[in-house]
Amino acid sequence: MKFSEQWLREWVSPTLSTQALADQITMAGLEVDAVEAVAARFDGVFVAEVVGKEPHPDADKLSVCRVDDGSGDTPQVVCGAPNVAVGQKVPFARVGATLPGDFKIRKAKLRGVESRGMICSASELGLEEETSPGILELPTGAPTGEDLRAWMMLDDTTIEVDLTPNRGDCLSVKGLAREVGVLNRLPLQEPDLAPLPAAHDAVFPVRVSAPEQCPRYVGRVIRNIDVTAQTPLWMIERLRRGGVRSIDAVVDVTNYVMLELGQPLHAFDLANLHEAVEVRTAREGERLVLLDGQDIALREGTLVIADTAKVLAIAGVMGGEHSGVNPQTRDVFLESAFFSPLAIAGQARSYGLHTDASHRFERGVDPELARQAAERATALLIQIAGGEPGPLSETASPDHLPVERQVPLRAARLEQCLNLVLPGAEVVEILERLGMQVVANGDGAWQVTVPSWRFDIAIEEDLIEELARIHGYNRLPVRRPAARLALRADGESRPPLARLRRQLVARGYQEAISYSFVSPELQALLAPGESAPRLANPISSDMAVMRASLFPGLIKALMHNLNRQQTRIRLFETGLVFRGDLDSVEQTAMLGGAICGARDPEGWAARSEGVDFFDLKGDVESLSSVGGDAAAWRFEPAEHPALHPGQSARVFHRGEAVGWLGALHPAVRAELGIKLEVFVFEVRLDALTEGRLPSFAALSRFPEVRRDLALVVDEEVPVQALLDTLRKRAGEWLSDLRLFDVYQGGGVVKGKKSVALGLTWQHPSRTLNDEEINQLIDAIVTESRQRFGAELRG
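Residue numbers for the sequence shown, in UniProt numbering: 1 to 794.
1. So, for H665: in the same chain, excluding its five sequence neighbours on each side, which residues have a beta-carbon less than 7 Å away from its beta-carbon?
2. Return the CA-CA distance between A373 and R405, expressed in angstroms with no decimal places.
3. Is DSSP giving M1 helix, strand or coil here?
4. Taking the alpha-carbon of V257 as reference, which of R701, Y351 and L171 has the nearest alpha-carbon?
5. Who are the near neighbours of P211 in its chain, counting only those whose CB is closer than 6 Å to its CB and skipping five residues on each side?
6. What residue does the alpha helix (DSSP H) around residue 796 start on, and which one ends it?
7. State the start and end residues of the unbroken alpha helix (DSSP H) segment that holds C596.
8. I'd like the ranges of any alpha helix (DSSP H) spanning at least 4 consecutive residues and lying wholly in the region 364 to 428.
9. Between the region 761 to 779 and the region 721 to 728, are three or more C-beta pairs nearer than 8 Å?
10. In whole angstroms, what is the alpha-carbon distance linking D155 and L418?
11. If you follow the alpha helix (DSSP H) that L554 is in, where does it begin and where does it stop?
12. Quick test of your reading: M590 and L711, contact by CB under 8 Å. State the CB separation rounded to the nearest angstrom.
13. Tell me the start and end of each unbroken beta strand (DSSP E) in the region 478 to 561 that is at least 3 residues and wholly inside, in chain order.
14. Taking Cβ positions, are A315 and F338 nearer each other than 8 Å?
15. Tell me which residue opens and which closes the alpha helix (DSSP H) that I674 is part of.
16. Return helix, strand or coil for C120, following the three-state DSSP convention.
17. Leaving out the 5 sequence neighbours to the left and right, which residues in its chain are closer than 8 Å to M526 when beta-carbon positions are compared?
18. Fully enclosed by the region 311 to 342, which alpha helix (DSSP H) runs are 4 residues long or longer?
19. With E129 as the anchor, note down where its alpha helix (DSSP H) starts and where it stops.
20. Could you check where the alpha helix (DSSP H) with I105 kicks off and where it finishes?
21. Using the Cα positions of R706 and G758, report the straight-line distance between them to the nearest angstrom.
22. Roughly how many angstroms lie between the CA atoms of L127 and L233, to the nearest whole one?
23. Are the beta-carbon atoms of P389 and L265 separated by less than 8 Å?
24. Using three-state DSSP, classify A440 as helix, strand or coil.
25. What are the boundary residues of the alpha helix (DSSP H) that includes R707?
26. Check whether the region 265 to 285 touches the region 166 to 181, taking contact to mean three or more Cβ pairs, one atom from each stretch, closer than 8 Å.
27. From what residue to what residue does the beta strand (DSSP E) around Y743 run?
28. By Cβ distance, which residues of its chain are closer than 8 Å to D58, with the 5 residues on each side in sequence left out?
29. My guess is that I159 and E5 are in contact by the Cβ rule of under 8 Å, so how many angstroms apart are they, rounded?
30. Would you say P391 and A198 are within 8 Å of each other, going by their C-beta atoms?
31. Give the straight-line distance between the Cα atoms of R178 and V38, rounded to the nearest whole angstrom.
32. Helix, strand or coil: how does DSSP classify Y351 here?
33. Nearest by alpha-carbon distance to R650: which of E671, K617 and G627 is it?
34. Can you tell me where the alpha helix (DSSP H) with Y217 in it begins and where it stops?
35. Quick one: residues in its chain with C-beta nearer than 6 Å to the C-beta of T231, no 5 flanking neighbours on either side, listed in chain order?
36. Just checking my contact of V12 with V161 at CB under 8 Å: how many whole Å lie between their CB atoms?
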C-alpha cells in the first residue's frame, strides 16, 4: 500500500515528523518499506500561460513561444514539444531556476533564436520516471504566476507499507489513518459521506444467484455524466502518489474511492447492459474480453458479473472491455459489492491477473462499506463530471454475510503472554479505540465484539497481539525463562546434518534452498508417477504443487546457473518432500544433489574431462561413510523414468531402498534445453544420519599381506556382487578390499572386462604365512569362477 503523507494528515495529523510517523507505523506491525519524496527537488518553476506561438525559422520541430509567467513580462522561449499550444497553462522555469539533476536554466540561443527559460515536461520536473513526449499541461484554472511546487503541494512524501495478508483493513488511507489515530489517541476527520437525494427513479434490476459468494451488491444508475470532463489535478496527483495512473473522470473516481476507503468499485456503461445484472458463476464455454484486451476462456465456477446476454466482468477482479465506460458513455451503472474472500482468492492469479481490486477482496473488504463507498463515489462523480444520481439499490443475503464475532479475553492469559500486567482501564481503552465493543464479565475477563473491518481477529491471542502492538512492543518487559533442563543425549551413532553439509561443501558443493512448491509440469517430468498435494491458492501457476522430490528444485537452480554462463555446478539441498494427497500426506526429509560440467576447477594442471556417474557415486559414498558404517550401503542398477538407462542406480541402506542416483535422461534434458550431462542423487536423510557406534579395536603389531587379483568376467556382472563374494570367502583377517581398475580393450575378449582388486590381510596376534594366503586366494578364485565364470587374467 502506497499513500501520500499529506492525504493521510487530512484524516489524522499527529505532531510527528515524517520519519517518526513511519517508525511508529512500523512498530505497530505495519512494516514501512520506503519513504520517498513525491517529486525531485527543483525551484524557480511557475505556472505560466502560452500567449504566442510561431514556427522556428530554422527548425521544423521547434516553436518560438511567448509565455505570461505573472512577472509582468512575456519572455520568449524556444520549445520542441509537439503539444504546446496558445492558451495552455504550463510549468515554466525562469532563467536562474534549478531543475532535478542540478540543471540550471540560463539564457540561450537555439538555432539562432534567443530562449529565456524553459517550458517543462513531467519527466523534466521529476514527476514521471519515463521521458514525457510533450510538456505537462496544467488545468485551465491554474493561477498564472503561482509557484508550481507550492500550488501542486509537491513538498509531500509517499510512504509505502508492506502489509501482511491478514491486514487488508489497512489497504486504504482510511484504514491507515485509523491505525495512526489509535496510536496517537486522535480522532479521524472523515470526508462527508452523507447520502445524496435521488434526482430520478431509475433502478437497474440486479439478481444475485450466488449469495454465499456475493452476500451484498449495491448499485446505482447515474445519468447524463460528462465522461470527457477533466479529472482535477489534486485527484490525479493523489492517484499518482498512490501508484495509480489517471485514465478518465469515471475510472479515476472509482480508483480514488478505493484508495481512500478501501472499497473497490466498478462503473458499467448502462447503454451496454441488457435487462438485468446477474451475479453468478461462469458457464462452460463462456469467454470475456477484459479491459486490458485479453480474450480469456472462463472456467466453470468463476464468479462473474453478467447480464442476460453476456458476461460483463470477473467479479472482484477486472471488468470487460465491451461494457466499460468509453468516450460515448452518458449513463453509468455504479457497482459497489462485497465479495467473500474465499470466492475471490486465487481467481485473479489463475487467469494470470493481479489487480488492485482482487488484492483487496482476497484479503477481505469491510462488508459494511459498500453503501458508504457508493455514496462517496457518486458525490465525487457529480462534482467532477456532473450527472443525475438515481436511488441506491441493494441486494443482500443476511444469512451469508459475515457474522458478528465475539471473542473472550482474560487478564490472566494476557499477563501470561505479555509478561505484563495491563490495567483493566487501559485494556478497555485500547480495544475501544480499535473500534471494538468491550463488556466486562467480572473476574478480570471481557467479552469483545470485533468490528466488521477486522477479518483477522477470531481468537483470544489475536486480541492480545492488538494490545501488545498498541501498547508498544518496545515497552514490553524482557524476562528470560528459568527452568531446570536436562542435557539431551548426544547419540554418537547419529552424525548431525551439519556434518553432512560440511562433507558436501568440502567436495565442492554449494547449498541451495528452493521452494517446497514446484511447477506441476517440471514435477511430472522429473518425478513421474509421484502424487503430491496441489495448492488451493498457489503463489503462481508454476508453483502449484508440493514437491514430491528434491529434483525439480535442484534442476531449476542448476538451469538458472547455466543460463548465466556457469558451467561447472555442484548443488545440494536438504528438505522435506511430500507424497500422497492432502488428507494422508507423507513428509520425508531428503538430501539431494546435482552436478554438471568439468570434473576439476579450471587450472593449468586440471583435467579437462567432465563429470560422470562415478563422480556422483563417489560423493554419495562419502556421505554414507560419515556415519562410520559404509558396509551397510549398496548401489544396485535400476531404472528411473527421469534417469538415463544404464547410468542409474538404486541406493540401499541395510537392505532398504532409500534413494536414487544417476544421469538425467537425455529426453528430459532435451525437454528442459540442457546441453550438458547432468547427474543427480536423492537419499533419505534418516538413513544418512543412522550410523554405527564407534568402537575401539587394538592395532596389530604384525605385518600386512597384500595380494592383487585381476579377474576377467562378463561385462554385465556387477562389480558389487563380485566384491560381496570376495569378502565372504576372504576370511576373518581381511582388513581391506579395494577395487583399483576396470579394463576393457586389447588383451581382453570382447564382451568381457578385467576387474583388478587389491586384498589386504592382517592377523592381530601373529604373522600370516604364504600357505594360508594362497589357500584363501584359491578359495576366492574358485568361488568367483563358479558364480560368475571369472578367470584370472594372464
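Note that the Cβ used here is the ideal one computed from N, Cα and C, for glycine as well. Given the structure is predicted, the values throughout are model-derived calculations rather than measurements.
Reading from the atomic positions:
1. A642, L643 and H644
2. 23 Å
3. coil
4. L171
5. S397 and H400
6. A query on residue 796 cannot be resolved here, the shown segment of the chain reaching from 1 to 794 and no further.
7. C596 -> not in any alpha helix (DSSP H); beta strand (DSSP E) instead, spanning E586 to C596.
8. 370 to 385 and 411 to 418
9. no
10. 41 Å
11. F551 to L562
12. M590 to L711, Cβ: 37 Å. No contact.
13. none
14. no
15. No alpha helix (DSSP H) contains I674, which DSSP labels as neither H nor E.
16. coil
17. The sequence given here has Leu at residue 526, not Met. Excluding residues within five positions, the ones whose Cβ falls inside 8 Å are S549, F551, P552, I555, A642 and V668.
18. none
19. Looking at the DSSP string, E129 is not in any alpha helix (DSSP H), and its letter there is neither H nor E.
20. I105 -> no alpha helix (DSSP H), and no H or E assigned at all.
21. 7 Å
22. 13 Å
23. no
24. strand
25. R707 -> not in any alpha helix (DSSP H); beta strand (DSSP E) instead, spanning V705 to D714.
26. no
27. L734 to Y743
28. R111, G112 and V113
29. 6 Å
30. yes
31. 23 Å
32. coil
33. K617
34. No alpha helix (DSSP H) holds Y217; the beta strand (DSSP E) holding it covers R216 to R223.
35. S246, A249 and D252
36. With 8 Å as the limit, V12 and V161 do not qualify as a contact, their Cβ atoms being about 15 Å apart.
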